[in-house]
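Quick note on the working numbering: the first sequence kicks off at 1144 and runs consecutively.
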Amino acid sequence: MKYEDVMKLALERGFYFPSCEIYADAQAGFWEYGPSGVGLKNKFLELWRRELVRRDGMLEIDGSQIMSESVFEASGHLGNFTDPIIKCTNCKATFRADRTIAEISNIEIPESAELIEFDNAIKGNNIKCPKCKGNFENTKKFNMMFKVGIGPEEETAYLRPETCQSIFVDFPRLFKIMRGKLPLGIAQIGKSFRNEISPRQSLLRLREFYQAEIEVFCNPKKLNEMEKFLQIQNTILRIQTDDEPVTLTCKEAVESGVIPNKFVAYYLGILTEFYEKTGVDIKKSRFRKLGEKEKAFYAEVAFDFEIETTIGWLELVACNYRSDYDLSSHATKSKEKFEVMDNDEKVLPHVFEISMGIDRSLYTILEHSLREDKENERTVLSLKPYLSPIHVGILSLVKKDGLKEKTDEIYFQIKRKFDAFLDHSGAIGRRYRRLDEIGSPFAITVDHQTLEDDTITIRMRDSMEQKRMKISELSSILSEYTAFP
RNA sequence: GCGGAGUUAGUUUAGUCUGGUAUAACGUCAGCUUCCCAAGCUGAAGGCCGCGGGUUCAAAUCCCGCACUCCGCACCA
């Protein structure tokens, strides 16, 4: 289904909607999750914890969203997260200074250079606006971080533009107190903030967004000593390099050199297995190996995990080998020691990062799960049962003859254990359709036979089939059907 | 940020040219009916027509500004 269809579902069924929408001064790039969206998100994150954090024995933390200026001096964000921007005095169009200069004059100026260097290059080479041939204003810096003032003196701090800096800053303590051993994964779910120039497409380009990040700390000399690699060596990866896209197992990817080592391949493998379980169409996914110019300033090797949707390929996860960039920067800036013992060897760990965009992942799950069942005239959200905001609808066939009371009784029995939704109103078919649209995989219905023999029917969302079963079996059957894989 | 198109009920939308406070469908709620898949009947709720200003006796409608949404460009460390 298309973007517009997902948007309509999101607005009508409470998955997500614009923030502060009743006020005219609401800013772009901020969206809220409604009840259905929160249900889906919580379950998606639970799956992430199971398939990545718990599977690999990682540690999870929850850090501050506001962090001090020093953090971002060390991380490089104050220097590098800034784009040099030039604006045309005539048509007001804005361009990246370094790229515009490079395109027109072939002069390469690093984006972190002093502003005067860009101005000199523009004047010296008579560079004009590519659109209207107008003159440029002086180069300015545009920093994508939100600055905040702390306390009455408004001391400078920033909303984090990525969650992972907490992980680096906390690493020395965590390694000591949690009896860390390399390789060690540290994970975090939380919000990040970026002052995007033009937010677009609801959940896909936000100014305030959720990330689930993992930083795996490792000994750089041991990137091929990976016993766990056996678990995923036959897992199939789709990899896009500069040449043709290739489909190969993790083992083949390492042997052919497409992926540099077993360590990186292992994490790309478990990431793939995680996304398979979210119900997205994994055949429409790829790891795109980034070229030198595309990579982030801190990355040595980088793969973007991308999924094809109706509005193009979306980047869901950035996988970066960040080397010791972060730890050595923070070590220098803070004078804290970041070296740890790996058996008898003292090492400054390297870092491999798996930085997941949660909002984009949720959009993709919705788009890939939503379908029109023309034969039965219904819209169905075929979510995996363990990801559905509602596990089961509890319905009375009709309200009278005590069926309502019996239905209520069943609802009260199970509502703390499952996400159940009680509904008595309207035709039974309409209630089934409503549940189909929010992805509830099951509906149980109380009918007259229930009053005689304590049995109910359970209806399957995808097949619309029904089976009769005993009320006493309901809890254990639902547990089985809605369990995480 | 630039260019284009839009913004009317929960959703989709008519009305805007030609000024007189708004149309329909679906959805929602209540009742009747109904013994399993959006049926039917009766009734009801729901709109500062994106926001602000101007013109006018009178503005959803004309004019100006702004915001937001979508598309394209640029941007996406």
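Glycine included, C-beta positions come from ideal geometry on N, C-alpha and C.
- CA-CA distance, residue 1606 to residue 1448, rounds to 32 Å.
- Per DSSP, the continuous beta strand (DSSP E) segment holding residue 1286 begins and ends at 1283–1286.
- Pairing residue 1355 with residue 1501 gives a Cβ-Cβ distance under 8 Å.
- In the three-state reduction of the DSSP assignment, residue 1534 falls in the coil class, being assigned neither a helical nor a strand state.
- Counting along the chain, residue 1210 sits inside the beta strand (DSSP E) bounded by residues 1209–1211.
- Scanning the region 1572–1627 from its first residue to its last, the whole alpha helix (DSSP H) runs of 4-plus residues come out as 1591–1596 and 1614–1624.
- Under the three-state reduction of DSSP output, residue 1241 falls in the helix class.
- Taking 8 Å as the cut-off, the beta carbon of residue 1524 is found closer than this to the beta carbon of residue 1579.
- Looking at the DSSP output, residue 1466 shares a beta bridge with 1494.
- According to the DSSP assignment, residue 1196 belongs to no alpha helix (DSSP H), since it is labelled neither H nor E.
- Per DSSP, the continuous alpha helix (DSSP H) segment holding residue 1414 begins and ends at 1405–1420.
- Under the three-state reduction of DSSP, residue 1444 is assigned to strand.
- Per DSSP, residue 1428 lies in no alpha helix (DSSP H); the unbroken beta strand (DSSP E) holding it starts and ends at 1428–1432.
- For residue 1331, the uninterrupted beta strand (DSSP E) run begins and ends at 1327–1336, by DSSP.
- Straight-line spacing of the CA atoms in residue 1284 and residue 1219 works out to 15 Å.
- Taking a cut-off of 8 Å on C-beta distances, the region 1380–1392 touches the region 1402–1417, as three or more cross pairs fall below it.
- The DSSP-derived three-state label of residue 1309 is helix.
- Here residue 1309 is buried: its Cβ has 16 or more other Cβ atoms, across all protein chains shown, within 10 Å.
- By the 16-neighbour rule on beta-carbons within 10 angstroms, residue 1573 is exposed.
- Counting along the chain, residue 1150 sits inside the alpha helix (DSSP H) bounded by residues 1146–1156.
- Segment contact: the region 1316–1329 against the region 1205–1220, fewer than three CB-CB distances shorter than 8 Å; contact not assigned.
- Rounded to the nearest angstrom, the gap between the Cα atoms of residue 1535 and residue 1181 is 17 Å.
- In the structure shown, residue 1559 falls within a coil segment according to DSSP collapsed to helix, strand and coil.
- By the neighbour-count criterion, in which 16 or more other beta carbons inside 10 Å mark a residue as buried, residue 1166 falls on the exposed side.
- Counting along the chain, residue 1524 sits inside the beta strand (DSSP E) bounded by residues 1521–1524.
- Of all C-beta pairs linking the region 1588–1605 to the region 1168–1179, fewer than three are shorter than 8 Å, placing the two stretches out of contact.
- The region 1559–1568 makes contact with the region 1535–1551; the number of CB pairs closer than 8 Å reaches 3 or more.
- Here residue 1461 is bridged, per DSSP, to 1447 and 1498.
- At a Cβ-Cβ threshold of 8 Å, residue 1231 and residue 1289 do not count as neighbours.
- Judged by DSSP secondary structure, residue 1182 falls within the alpha helix (DSSP H) whose first and last residues are 1178–1191.
- By alpha-carbon distance to residue 1602, the top candidate from 1588, 1613, 1615 and 1200 is 1588.
- In the DSSP assignment, residue 1302 falls within the beta strand (DSSP E) that extends over 1298–1302.
- Under the three-state reduction of DSSP output, residue 1231 falls in the strand class.
- The alpha-carbon of residue 1157 is positioned some 21 Å away from that of residue 1516.
- Spatial neighbours of residue 1339 in its own chain (CB-CB distance under 8 Å, excluding positions within 5 residues in sequence) are listed in chain order as 1172, 1287, 1348, 1349 and 1350.
- DSSP, read as helix, strand or coil, puts residue 1385 in coil.
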